[in-house]
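Residue numbers (our numbering): 437 to 594.
Just so you know, even glycine gets a beta-carbon here, dropped at the ideal spot from N, CA and C.
Owing to the predicted nature of the structure, the values given are computational and were not obtained by experimental measurement.
Okay, so here's the structure we're looking at.
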Amino acid sequence: KIAINICYGRHHPLNWLMYGINGAEIVFNPSATVGNLSEPLWSIEARNAAIANTYFTAGINRVGTESYPNEFTDGDGKPAHRDFGHFYGSSYVAAPNGGRTPGLSRVKEGLMVVELDLNLIRQVRDKWGFQMTSRLDMYAKEMTNAVSSDFNPAIIKG
Numbered sequence: 437k438i439a440i441n442i443c444y445g446r447h448h449p450l451n452w453l454m455y456g457i458n459g460a461e462i463v464f465n466p467s468a469t470v471g472n473l474s475e476p477l478w479s480i481e482a483r484n485a486a487i488a489n490t491y492f493t494a495g496i497n498r499v500g501t502e503s504y505p506n507e508f509t510d511g512d513g514k515p516a517h518r519d520f521g522h523f524y525g526s527s528y529v530a531a532p533n534g535g536r537t538p539g540l541s542r543v544k545e546g547l548m549v550v551e552l553d554l555n556l557i558r559q560v561r562d563k564w565g566f567q568m569t570s571r572l573d574m575y576a577k578e579m580t581n582a583v584s585s586d587f588n589p590a591i592i593k594g
């Protein structure tokens, strides 16, 4: 059973959680992501999701630079430019036990072929018990409260 977590969705832990709840064994995360803000997160987001949700993940990112005929700005006060930035590649596969493959190149296209043992999912679930102790009923109640129009967060003053 597979799921696809498109690009920016990787920044939302509840996306990853719902794929696991719905039985995903492998979650692919295709991206077209450039450096700066998101690159430090790249190597850990899909890996953390694999561990927390006990499935395999594949973080897939393109490489190269895309240029456009017309200049544009990023709204950051810097001069207009024609390139979108460097897509840093570094695709990898992570396992539910925290293992991961080395990343592909940051600058060259590549192909990764990985053999996955889906039995590892059951072994890790039995050993770590994250699903058994996840308290989804409590989260469902709190999320329902959080999206209501009269929600007031509990602020604890010390």
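query: Can we say the segment 504–512 touches the segment 548–560, given the rule of at least three CB pairs closer than 8 angstroms?
result: No: the two stretches stay apart, fewer than three of their Cβ pairs being nearer than 8 angstroms.
For R483, the first and last residue of its enclosing alpha helix (DSSP H): For the purposes of this step, residue 483 is taken as the residue at position 47 of the sequence shown. Per DSSP, R483 belongs to the alpha helix (DSSP H) from E475 to N489.
- prompt: Using 8 angstroms as the limit for Cβ to Cβ distance, is F492 near chain C?
  reply: The displayed structure is made up of one protein chain only, and chain C is not part of it.
- prompt: Going by DSSP, which residues form a beta bridge with V529?
  reply: To locate residue 529, count along the sequence shown from 1; it is residue 93. Beta-bridge pairing links V529 to A494.
- prompt: Leaving out the 5 sequence neighbours to the left and right, which residues in its chain are closer than 6 angstroms to R483 when beta-carbon positions are compared?
  reply: For the purposes of this step, residue 483 is taken as the residue at position 47 of the sequence shown. A530 and R536, listed in sequence order.
query: For F464 versus A494, is the C-beta spacing smaller than 8 angstroms?
result: Within the sequence shown, residue 464 is the residue found at index 28, counting from 1. Within the sequence shown, residue 494 is the residue found at index 58, counting from 1. With respect to the 8 angstroms criterion, F464 and A494 are classified as neighbours on the basis of their beta carbons.
task: Apply the 10 Å Cβ neighbour rule to S467 and answer buried if 16 or more other Cβ atoms are within range, or exposed otherwise.
output: Against the sequence shown, residue 467 aligns to sequence position 31. So S467 counts as buried.
field: Run of the beta strand (DSSP E) containing I440, from where it starts to where it stops
entry: Along the sequence shown, read from residue 1 onward, the residue named residue 440 stands at position 4. First-last of the beta strand (DSSP E) with I440: I438 to I440.
query: Just reading off the alpha helix (DSSP H) that N555 is part of, what are its end residues?
result: The count along the sequence shown starts at 1 and reaches residue 555 at position 119. Element bounds for N555: N555 to W564.
- prompt: Per DSSP, P499 is paired with what?
  reply: Against the sequence shown, residue 499 aligns to sequence position 63. Note on residue identity: the sequence assigns Val, not Pro, to residue 499. In the DSSP output, where bridge partners are listed per residue, V499 has Y524.
Start-to-end residues for the beta strand (DSSP E) that takes in P466: As a first step, residue 466 must be located in the sequence shown, where it is residue number 30. That run of the beta strand (DSSP E) goes I462 to S467.
- prompt: Which value, in whole angstroms, describes the spacing of the CA atoms of T569 and V470?
  reply: As a working note, residue 569 is residue 133 in the sequence shown. As a working note, residue 470 is residue 34 in the sequence shown. The alpha-carbon atoms of T569 and V470 are separated by roughly 37 angstroms.
Residue span of the alpha helix (DSSP H) that contains P449, given as start and end: Numbered from 1 along the sequence shown, position 13 holds the residue referred to as residue 449. Run containing P449: P449 to I457, per the alpha helix (DSSP H) assignment.
- prompt: Name the DSSP beta bridge partners of R536, please?
  reply: Taking the first residue of the sequence shown as position 1, residue 536 is located at position 100. Answer is A530.
- request: Note down the Cα distance separating R518 from S503, rounded to an integer number of angstroms.
  value: Here residue 518 refers to the residue found at position 82 when the sequence shown is read from its first residue. Here residue 503 refers to the residue found at position 67 when the sequence shown is read from its first residue. Looking at the two C-alpha atoms, the distance is approximately 5 angstroms.
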